[in-house]
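Chemist:
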Amino acid sequence: MGKPTFYITTPIYYPNDKLHVGHAYSTTVVDTMARYKRLRGYDVLFLTGTDEHGQKLLRRAETVGQAPQAFIDGIVAGIKALWERLDISYDDFLRTTDERHKMRVQRIFSKLLEKGDIYLGEYEGWYCTSCESYWTERQLSDGKCPDCAGPVERFREQSYFFRMHQYADRLIAYYEEHPEFIYPESRKQEMLSNFLLPGLEDLCISRSAMPWGIPVPNDPERVIYVWLDALTNYITALGYPFIEDERDELFSRYWPADAHVMAKEIVRFHAIYWPIMLMALDLPLPKRIVGHGWLLMKDGKMSKSKGNVIDPNALIDRYGSDALRYFLLREFSFGQDGVFTLEAIVERMNYDLANDFGNLVHRTLSMVERFCDGRVPVPGALTELEREISDLMKTCKRQAEAALDAFDYSGALAQIWMIIRRGNQYVDETAPWALNKRGETERLNTVMYFACEMIRTVAILVAPFMPKTPAAVFAKLGLPSDTAMNWDDAAVYGVLQSGIAIAKGDPLFPRLDVAEEMTALQAVMGKSTEGGNSVEQTKDAMSNEAAQKEPAQKDITAHETQPEGIARLIDIDDFAKVELRVAGVVAAERVPKADKLLRLELDLGSEKRQVVSGIAKYYEPSDLIGQKVIVVANLKPVKLRGVESHGMILAASHGDQLVLATVSGDIPLGAIVK
Numbered sequence: 001m002g003k004p005t006f007y008i009t010t011p012i013y014y015p016n017d018k019l020h021v022g023h024a025y026s027t028t029v030v031d032t033m034a035r036y037k038r039l040r041g042y043d044v045l046f047l048t049g050t051d052e053h054g055q056k057l058l059r060r061a062e063t064v065g066q067a068p069q070a071f072i073d074g075i076v077a078g079i080k081a082l083w084e085r086l087d088i089s090y091d092d093f094l095r096t097t098d099e100r101h102k103m104r105v106q107r108i109f110s111k112l113l114e115k116g117d118i119y120l121g122e123y124e125g126w127y128c129t130s131c132e133s134y135w136t137e138r139q140l141s142d143g144k145c146p147d148c149a150g151p152v153e154r155f156r157e158q159s160y161f162f163r164m165h166q167y168a169d170r171l172i173a174y175y176e177e178h179p180e181f182i183y184p185e186s187r188k189q190e191m192l193s194n195f196l197l198p199g200l201e202d203l204c205i206s207r208s209a210m211p212w213g214i215p216v217p218n219d220p221e222r223v224i225y226v227w228l229d230a231l232t233n234y235i236t237a238l239g240y241p242f243i244e245d246e247r248d249e250l251f252s253r254y255w256p257a258d259a260h261v262m263a264k265e266i267v268r269f270h271a272i273y274w275p276i277m278l279m280a281l282d283l284p285l286p287k288r289i290v291g292h293g294w295l296l297m298k299d300g301k302m303s304k305s306k307g308n309v310i311d312p313n314a315l316i317d318r319y320g321s322d323a324l325r326y327f328l329l330r331e332f333s334f335g336q337d338g339v340f341t342l343e344a345i346v347e348r349m350n351y352d353l354a355n356d357f358g359n360l361v362h363r364t365l366s367m368v369e370r371f372c373d374g375r376v377p378v379p380g381a382l383t384e385l386e387r388e389i390s391d392l393m394k395t396c397k398r399q400a401e402a403a404l405d406a407f408d409y410s411g412a413l414a415q416i417w418m419i420i421r422r423g424n425q426y427v428d429e430t431a432p433w434a435l436n437k438r439g440e441t442e443r444l445n446t447v448m449y450f451a452c453e454m455i456r457t458v459a460i461l462v463a464p465f466m467p468k469t470p471a472a473v474f475a476k477l478g479l480p481s482d483t484a485m486n487w488d489d490a491a492v493y494g495v496l497q498s499g500i501a502i503a504k505g506d507p508l509f510p511r512l513d514v515a516e517e518m519t520a521l522q523a524v525m526g527k528s529t530e531g532g533n534s535v536e537q538t539k540d541a542m543s544n545e546a547a548q549k550e551p552a553q554k555d556i557t558a559h560e561t562q563p564e565g566i567a568r569l570i571d572i573d574d575f576a577k578v579e580l581r582v583a584g585v586v587a588a589e590r591v592p593k594a595d596k597l598l599r600l601e602l603d604l605g606s607e608k609r610q611v612v613s614g615i616a617k618y619y620e621p622s623d624l625i626g627q628k629v630i631v632v633a634n635l636k637p638v639k640l641r642g643v644e645s646h647g648m649i650l651a652a653s654h655g656d657q658l659v660l661a662t663v664s665g666d667i668p669l670g671a672i673v674k
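Each residue of the sequence shown is one higher than the last, beginning at 1 in UniProt numbering.
1) Is it the case that the Cβ atoms of residue 416 and residue 360 are separated by a distance below 8 Å?
2) Pair every Cβ in the stretch 255 to 264 with every Cβ in the stretch 218 to 238, then say whether three or more of these pairs are closer than 8 Å.
3) Please list, in chain order, all residues of the same chain as residue 64 whose beta carbon is under 7 Å from its beta carbon, the five residues on each side excluded.
4) Can you tell me where the beta strand (DSSP E) holding residue 262 begins and where it ends?
5) Would you kindly check if the distance between the Cβ of residue 646 and the Cβ of residue 590 is under 8 Å?
6) By Cβ distance below 6 Å, which residues in the same chain neighbour residue 481 in space, the five residues on each side in sequence not counted?
7) For residue 167, does the count of other Cβ atoms within 10 angstroms reach 16, so buried, or fall short, so exposed?
8) Residue ranges of each alpha helix (DSSP H) run of no fewer than 4 residues wholly in the stretch 146 to 210, ordered along the chain?
9) Contact defined as beta carbons within less than 8 Å: I believe residue 615 pairs with residue 598. What is the distance between those atoms, to the nearest angstrom?
10) At least one CB of chain C closer than 8 Å to the CB of residue 133: is that the case?
11) Using the Cβ count rule (16 or more neighbours within 10 Å means buried), how would you classify residue 578?
12) Taking DSSP as the reference, what is the three-state secondary structure of residue 235?
13) Kindly indicate which three-state DSSP category residue 492 falls into: helix, strand or coil?
14) Is there contact here, the stretch 651 to 662 with the stretch 617 to 627, by at least three beta-carbon pairs under 8 Å?
15) In whole angstroms, what is the alpha-carbon distance linking residue 390 and residue 585?
16) Starting from the C-beta of residue 654, find all residues in its chain whose C-beta is less than 7 Å away, skip the five residues before and the five after it, and write them out in chain order.
17) Between which two residues does the beta strand (DSSP E) harbouring residue 111 extend?
18) I'd like to know whether the C-beta atoms of residue 469 and residue 459 end up nearer to each other than 8 Å.
19) Out of 413, 423, 378 and 492, which one is the CA nearest neighbour of residue 441?
20) Residue 512 to residue 5, Cα distance in whole Å?
21) In angstroms with no decimal places, state the Cα-to-Cα distance between residue 279 and residue 171.
22) For a quick check, are the C-beta atoms of residue 631 and residue 611 less than 8 Å apart?
23) I need the straight-line Cα distance from residue 672 to residue 335, nearest angstrom please.
24) Out of 518, 179, 129 and 635, which one is the CA nearest neighbour of residue 155?
25) Can you check whether the CB of residue 626 is closer than 8 Å to the CB of residue 670?
26) Taking its Cβ as the centre, do 16 or more other Cβ atoms sit within 10 Å of residue 79, making it buried, or is it exposed?
27) Between which two residues does the alpha helix (DSSP H) carrying residue 74 extend?
28) Would the beta-carbon of residue 48 fall within 8 Å of that of residue 109?
29) Assign residue 134 to one of three DSSP states: helix, strand, or coil.
30) Would you give the residue range spanned by the beta strand (DSSP E) that residue 247 belongs to?
31) Taking the continuous alpha helix (DSSP H) assigned at residue 343, which residues delimit it?
32) Using the C-alpha atoms, what's the distance from residue 25 back to residue 319?
33) For residue 207, I'd like the list of residues in its chain whose CB is within less than 8 Å of its CB, leaving aside the five on either flank, ordered along the chain.
34) Check each candidate in 112, 2, 595 and 522 and name the one with the smallest Cα separation from residue 341.
35) Evaluate residue 274 with the Cβ neighbour count: other Cβ atoms within 10 Å of its Cβ, from every protein chain shown; 16 or more gives buried, anything less gives exposed.
36) Assuming residue 205 contacts residue 269 (C-beta within less than 8 Å), just tell me the rounded distance between them.
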């Protein structure tokens, strides 16, 4: 029996300028999923590419005095170079100017025309060049494009239309029958409420007197426009429709796609236009449309048109591709918008990579070098402590798998980092330096071997996220850098061969000087990132790193005593900034060496969150399982006693009493509290 297949795509990017870090995020999440599936034994096809036709590109090329193709070729070369630097492992890069695509788009147009799903009519209305979207009068927002708030142009011409309206009811029914089709759920409700239920109009799919596009078959005065050209790349790359005696090997092997991944602003085209086109072609629909949130700056969405973008090349130059990938995947909860800040970059680099992962590797191998003659030792019998940690690692691996299958990249990394942090605790608890001093050689060797195996396990688990790191870790452990691995190797103990020489080398992720990084990042990111914070303000906010790393125990639930009455009034806009959601408690445990703190794992429906709360004096962990609590979901992460907290649960307090704010009734997890 052959391998199971997995076909995943990025959107095809519009090459009117260099790509920014938001595009890097989109592509990195897809690459991570493709790598994960390959490690699990899947036959993966990962498609990306560029959308190279349209009036906006034609005008952009004219402004720089170049022919469209020459201008685009230069941008595409930069895109491919960026993907190489980010270790993007795509299997195919399709350009809509490729002949293989153009001739198939023309055949698709002819198929739909012959079927009666395309007709020639007259279009009169509004067009946004920036978004390449047509709008009716009622859809405009204050006379501007409702998507980008840019100017629109009025025009009237004979055009070809796709009979989109006649498939609307069928698509609504498909949504009902396939609730997993659009992820997250909020995007589906948006499609229904804003577009499908109010009624679909037919889609204009051609332009006249516009030389930069694919000519309409038998009508060279017009070109096929935008979405019929762009969206069909997902099947033209597989050879559809087939020409003469061509075999449909790729199409029958990989279609329907397992996931189309894109930023939320183009979910509409993928969740409405694209499935209707496929219905008209009598083809199966993709299994999932996945829309992630935006990377925001102080002035809103990061975009090329606003000029507030961050060049990922500059961040790769400074930190390397794996560190940038880790930051993007860990910092931003998939499906939600996230704010790109200076502090977050340095905190992730220092706390997660240097203090946690890098520290575990370097301190362990330093002790192997010092106490075991620089060679992987022969272990003795494992104790209950090692067996307990082995069980934890297997649990974390399973939960990381579940998180990845739900596109929860941050949640998956949180599970892997639980292993890393437990590894550092293990070294502290077992104290190899004391074992060496007491001459307990067998126990020392067991501890050192087990710690090395934990590092090997982590190297495998981070491989989809940080593709260069496993080879670096393997080399330190004395393994060939090209050591073959699969995902399940992470659950096997005893792989390392005793006696092989380790190569400690420099720290995997060295600590960064905060002041130096703030200055450098400000230069890279400019004024657009920090909401007006100066470099000095940012330095001050981060100067006491030791205190942030190990803060005093404090209660982070919302129950601090207030004066009688209302202390001060706030504006409704201030309150609107707080995002409250219903969350289910799926796990709870005490934080070691912290009397007040509990670590809670919360289920918000579309994602899992770890939250640390100061309620240990009032609740036993077992009493919280299954409770529906209210969580502030858009707080910046903080560390308490070395444990990262992604939110704050609400509680009421009076004197010595404290009661959690809980929700009764059949309300779904993730529901917004208003």
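Every residue gets a Cβ at the ideal spot worked out from N, C-alpha and C, and that includes glycine.
Modeler: For this structure:
1) no
2) yes
3) 71
4) In the DSSP assignment, residue 262 falls within the unbroken beta strand (DSSP E) covering 259 to 263.
5) no
6) Closer than 6 Å at the Cβ level, and outside the excluded window around residue 481, lie 471, 474 and 475.
7) Burial call: buried.
8) 168 to 177 and 185 to 191
9) 6 Å
10) Although the question refers to chain C, the structure presented lacks it and comprises just one protein chain.
11) exposed
12) Note: residue 235 maps to helix in three-state DSSP.
13) coil
14) Yes, they touch.
15) 24 Å
16) none
17) Premise fails: residue 111 lies in the alpha helix (DSSP H), 99 to 115, not in any beta strand (DSSP E).
18) At the C-beta level, residue 469 and residue 459 come within 8 Å of one another.
19) 378
20) 42 Å
21) Going by the C-alpha atoms only, they are around 9 Å apart.
22) Note that the C-beta distance between residue 631 and residue 611 is below 8 Å.
23) Computed Cα separation, rounded: 15 Å.
24) For residue 155, the closest C-alpha among the options 518, 179, 129 and 635 is that of 129.
25) no
26) Buried, because 16 or more other Cβ atoms sit within 10 Å of the Cβ of residue 79.
27) 68 to 85
28) no
29) strand
30) Where residue 247 is concerned, there is no enclosing beta strand (DSSP E), given that its DSSP letter is neither H nor E.
31) 342 to 347
32) C-alpha separation (whole angstroms): 16 Å.
33) Leaving aside the five residues that flank residue 207 on each side, the residues in its chain whose CB is nearer than 8 Å to its CB run, in chain order, 55, 157, 159, 213, 222, 223 and 225.
34) Checked all of 112, 2, 595 and 522; the closest Cα to residue 341 is 522.
35) buried
36) In fact, because the Cβ distance is near 12 Å, the residues do not count as touching under 8 Å.
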